[in-house]
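Enquirer: So the sequences go chain by chain: A and B. Per our numbering, the first sequence starts with residue 1, numbered consecutively. Per our numbering, the second sequence starts with residue 1001, numbered consecutively. Structure below; questions to follow.
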Amino acid sequence: MQTVPWLRVSPTRTIFMITVKELTKRYARNTAVDHISFEVAKGQIVGFLGPNGAGKTTTMRILTCFMPPTSGTATVAGFDVLEQPMEVKKRIGYLPETPPLYLEMETAEYLKFVGQLKGLSGAELKKRVDYVCERCAIVDVRNRLIGKLSKGYRQRVGLAQAIIHNPDVLILDEPTAGLDPKQINETRDLIKDLAGSHTIILSTHILPEVEQTCEQVVIINKGKLVATDSVRNLQARARGAESMVLEVGGRNGSLEPSTVQQKLERVSGVSRVVCKQQVDSRAVFEIESQKGRLVRGDLARAVVESGWDLNELRPAAMSLEEVFLQLTGKDKEAAAVPADTGAQS
Amino acid sequence: MRNVWIICRKELRSYFTSPVAYVLLTLWGLVFGYFFWIILRHFLMDSMESQMSGQMYPLNLNEQVIRPLLQNVAVIGLFFLPMITMRLFAEEKRSGSIELLVTSPIRDLEIIVGKWLAAMLLYCCLLLFTVVYLLFLFKYGNPDWKPILIAYSGLLLEAGAMLAIGTFISSLTKNQIIAGATTFAVLILLWVFAWSDFSSTGWAHVISYMSLVTHSESFMRGVIDLKDGIYYATLIFLGLFFTARSMESLRWRS
Chain A
1 MQTVPWLRVS PTRTIFMITV KELTKRYARN TAVDHISFEV AKGQIVGFLG
51 PNGAGKTTTM RILTCFMPPT SGTATVAGFD VLEQPMEVKK RIGYLPETPP
101 LYLEMETAEY LKFVGQLKGL SGAELKKRVD YVCERCAIVD VRNRLIGKLS
151 KGYRQRVGLA QAIIHNPDVL ILDEPTAGLD PKQINETRDL IKDLAGSHTI
201 ILSTHILPEV EQTCEQVVII NKGKLVATDS VRNLQARARG AESMVLEVGG
251 RNGSLEPSTV QQKLERVSGV SRVVCKQQVD SRAVFEIESQ KGRLVRGDLA
301 RAVVESGWDL NELRPAAMSL EEVFLQLTGK DKEAAAVPAD TGAQS
Chain B
1001 MRNVWIICRK ELRSYFTSPV AYVLLTLWGL VFGYFFWIIL RHFLMDSMES
1051 QMSGQMYPLN LNEQVIRPLL QNVAVIGLFF LPMITMRLFA EEKRSGSIEL
1101 LVTSPIRDLE IIVGKWLAAM LLYCCLLLFT VVYLLFLFKY GNPDWKPILI
1151 AYSGLLLEAG AMLAIGTFIS SLTKNQIIAG ATTFAVLILL WVFAWSDFSS
1201 TGWAHVISYM SLVTHSESFM RGVIDLKDGI YYATLIFLGL FFTARSMESL
1251 RWRS
């Protein structure tokens, strides 16, 4: 949490740019958002994490005054989305999942149009268009038709559009979806760059993205709030038990997986060993450690000392699903093996 | 007002940066040119006949050329106007750019009026095309300009009503073809309602009164009838009002 300079008199107080209280959105058949509450401090980047259909877009659309909530309140920069939508809209920059572009317009022309929509005019408008072109690295396509731009450029034009009126709050719906790895990195850097001067909420279903860009995470699933915490705390919670992938090779062309498994299970701190695959004299194991134990070194030693080759040892990427399962306490495998409850939180 | 103009200018620009406006103008010019030629030819035949037979028929450019011509403009408009309005909202809903408009600090009504106004201005361009033809009549004949002006204002009002209906229908769907076809069907129905005046029952009267054509007749004759003006103004208002409701429902549903 970050304090604002002019509020130093009471350093414990934080200014919240976004407050969401008991927000609910019901459709005829289902509830998209179910009593969600969270707050975002000024200048923060918050990752809005959840699988597809979790209610991320709906929440964002309520915050941007695209649609009204069924119940609950949401305020942006102190203005209620229902009571003072005009004030909220002036202070929000929004990049929907598909950038809202007009393909028959040129980039600069489009940005000028959006700027006018947001209330800019004259020299100020011109300055801002130049600035966002520079900022989002789209200067070289200023006079190209948007319809002829690549996906990465379109996404950047979408971002430029969102920040054209220098809004207090930026709401980005899956800003990196559909980009190639290089473009994803560029977009992430740009977003990180924008933080500080803007408060940013970005939604994603990719966990590493949150780890790389965000300071705080709000996780929702099926419309319900699962967790809201800082990234570091969340990582600690999710990664308490480490899981690894280990590939072992036999020296003389033969390898008995069950022997290796027994050997590995005997390493202290290992809670579970599963043989995933065996081809000829190579075998791949998935290994889970007990909470808070570092076992990689011991594992490597055990393999080498037994005369096998250590082909590969790497931490298994924790998928979002696993994090969810852990956070919601519904680990299927844990339910099947009651003895193994170490991964629960 | 400023916002209305911003939207209007953007719509106009997209009409004229895409081939839409040019294709419409070309086709319109062709079709109208054909009508002009046919009607003028008839008139010239009549006038030659009257000279040869020695009897002087009362010949009148206004009555015999301009009035049927402008009545046909309204008919051609029936086919062209759905093509002007079909993309107004359907396109934005399909591409998702509607999200930009409704999350900007601008009122729904300003968006709607801006779009409708752009459609009106494109229609004005089409009408300007017809004026070029009429200028020839002024060069070689001596028509009265006042009834022409009234007829044009009638055409504008009628088109305004048709475009408002088209705008509303475009706001109901994401599909331009559906928007265009539905608008066309609705306009045709509103057109042929005029023919239902065959019986003297009350309903036949009501339906016939609702027709778009019956109200343009007085304008075409060069008469300003307040009742007809109000009819068109009401249609414009209703069309735009329902568009506003439809946009609101978009917010509640989507």
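Idealized CB from N, CA, C, for every residue including glycine. Please read these numbers as outputs of a predicted model, since none were measured by experiment.
Here's the rule: buried if 16 or more other CB atoms are within 10 angstroms of the residue's CB, otherwise exposed. What is E956(B)?
Expert: The question about residue 956(B) has no answer here: the residues shown for chain B are numbered 1001 through 1254.
Enquirer: Hey, how far is the Cα of L1238(B) from the Cα of M1162(B)?
Expert: About 11 Å.
Enquirer: Is the Cβ-Cβ distance between N52(A) and H205(A) less than 9 Å?
Expert: The answer is yes: Cβ separation under 9 Å.
Enquirer: Under 6 Å Cβ to Cβ from K118(A), same chain only, skipping five residues before and after it: list those, please.
Expert: Here the set comprises H165.
Enquirer: Roughly how many whole angstroms lie between the Cα atoms of A300(A) and P257(A)?
Expert: Cα to Cα, A300(A) sits roughly 16 Å from P257(A).
Enquirer: Using 8 Å for Cβ pairs, my map puts Y110(A) next to L101(A). What's the rounded Cβ distance?
Expert: Right, their Cβ atoms sit about 7 Å apart.
Enquirer: Taking only heavy atoms of the ligand NAD into account, decide whether any of them is closer than 8 Å to the Cβ of R1245(B).
Expert: Judged by which ligands are present, the structure shown has none, so any question about the ligand NAD falls away.
Enquirer: Mind reading off the beta-carbon distance from E1092(B) to L1101(B)? Whole number of angstroms is fine, and I expect it under 8 Å.
Expert: So it is a contact: roughly 7 Å between Cβ atoms.
Enquirer: Examine chain A for any beta-carbon lying closer than 9 Å to the beta-carbon of R1245(B), and answer yes or no.
Expert: Answer no: the Cβ-Cβ gap between R1245(B) and chain A never drops below 9 Å.
Enquirer: Give a yes or no on whether the C-beta atoms belonging to L202(A) and I62(A) are separated by under 9 Å.
Expert: No; because the gap between Cβ atoms is not below 9 Å, this pair is not in contact.
Enquirer: To the nearest angstrom, how far is it from the Cα of L1109(B) to the Cα of M1247(B)?
Expert: L1109(B) and M1247(B): Cα-Cα distance of roughly 9 Å.
Enquirer: Could you list which residues in chain B have their beta carbon closer than 9 Å to that of P68(A), in chain order?
Expert: Result: R1251 and W1252.
Enquirer: I want to verify the contact list: residues of chain B whose CB lies under 7 Å from the CB of T98(A), in sequence order.
Expert: Simply G1096.
Enquirer: Measure the Cβ-Cβ separation of L274(A) and V260(A) and say whether it is below 9 Å.
Expert: Residue 274(A) is actually Val in this sequence, not Leu. Not in contact: V274(A) and V260(A) (Cβ atoms no closer than 9 Å).
Enquirer: Counting only beta-carbon atoms, is V1004(B) nearer than 9 Å to chain A?
Expert: No, no contact with chain A.
Enquirer: Kindly indicate which residue of P1019(B), Y1232(B) and S1196(B) has the alpha-carbon position closest to the one of L1156(B).
Expert: The shortest C-alpha separation from L1156(B) is found at Y1232(B).
Enquirer: State the DSSP-derived secondary structure class of M86(A), mapped to helix, strand or coil.
Expert: Residue state, collapsed to three classes: helix.
Enquirer: Touch check for the region 1049–1066 of chain B and the region 1015–1033 of chain B: three-plus C-beta pairs under 8 Å?
Expert: No, they do not touch.
Enquirer: Please compile the residues from chain B whose C-beta is within a distance smaller than 8 Å of the C-beta of Y94(A).
Expert: In chain order: E1099, L1100 and T1103.
Enquirer: Look up L7(A) in the DSSP assignment and say whether it is helix, strand or coil.
Expert: Legend: pLDDT at L7(A) = 45, less than 50; position of this residue unreliable, no value from coordinates given.
Enquirer: Around the C-beta of E333(A), are 16 or more other C-beta atoms found within 10 angstroms, so that it is buried, or is it exposed?
Expert: At E333(A) the pLDDT is 43, less than 50, meaning the model places this residue with poor confidence; the figure from the coordinates comes in the next sentence. Exposed, by the Cβ-count rule.
Enquirer: Go ahead and pull the three-state DSSP assignment for P315(A).
Expert: Three-state DSSP puts P315(A) in a strand.
Enquirer: Since E109(A) is in the alpha helix (DSSP H), which residue starts that stretch and which ends it?
Expert: Taken as a continuous stretch (DSSP letters only), the alpha helix (DSSP H) holding E109(A) covers T107 to L117.
Enquirer: Step through the CB atoms of chain B and report whether any lies within less than 9 Å of the CB of Q116(A).
Expert: Chain B contact via Cβ: present.
Enquirer: Along chain B, in chain order, which residues have C-beta atoms closer than 7 Å to that of G250(A)?
Expert: Ordered by position in chain B, no residue passes the 7 Å Cβ test against G250(A), which lies about 56 Å from the chain.
Enquirer: Between which two residues does the alpha helix (DSSP H) containing G1180(B) stretch?
Expert: Taken as a continuous stretch (DSSP letters only), the alpha helix (DSSP H) holding G1180(B) covers Q1176 to V1192.
Enquirer: Taking the alpha-carbon of R26(A) as reference, which of D34(A), L207(A) and E124(A) has the nearest alpha-carbon?
Expert: With distances taken between Cα atoms, R26(A) lies closest to D34(A).
Enquirer: Helix, strand or coil: how does DSSP classify F16(A) here?
Expert: In the structure shown, F16(A) sits in a strand (DSSP, three-state: E or B).
Enquirer: Three or more C-beta pairs closer than 8 Å, one from the region 154–161 of chain A and one from the region 175–189 of chain A: is that the case here?
Expert: At 8 Å Cβ cutoff, the stretches touch.
Enquirer: Considering only residues of the same chain and omitting the five flanking positions on each side of L179(A), which have a CB-CB separation below 7 Å?
Expert: These residues qualify, in order along the chain: K151, G152, Q155 and T187.
Enquirer: Check the Cβ of E349(A) against every Cβ in chain B and list those closer than 8 Å, keeping chain order.
Expert: With chain A covering 1 to 345 only, the question about residue 349(A) has no answer from this structure.
Enquirer: Near G1029(B), which residues of its chain fall below 7 Å by C-beta distance, leaving aside the five closest residues on each side in sequence?
Expert: So the qualifying residues of the chain are F1129.
Enquirer: What number of angstroms, rounded off, separates the C-alpha of L1078(B) from the C-alpha of I1178(B)?
Expert: The straight-line gap from Cα to Cα measures roughly 16 Å.
Enquirer: Do the CB positions of A368(A) and L255(A) come within less than 9 Å of each other?
Expert: For residue 368(A) there is no data in the structure shown, the boundaries of chain A being 1 and 345.
Enquirer: State the DSSP-derived secondary structure class of N221(A), mapped to helix, strand or coil.
Expert: Looking at N221(A) - three-state DSSP - the assignment turns out to be strand.
Enquirer: Starting from M17(A), find everything on chain B with Cβ-Cβ shorter than 9 Å and list it in chain order.
Expert: In chain order: nothing, as chain B lies at least about 17 Å away.
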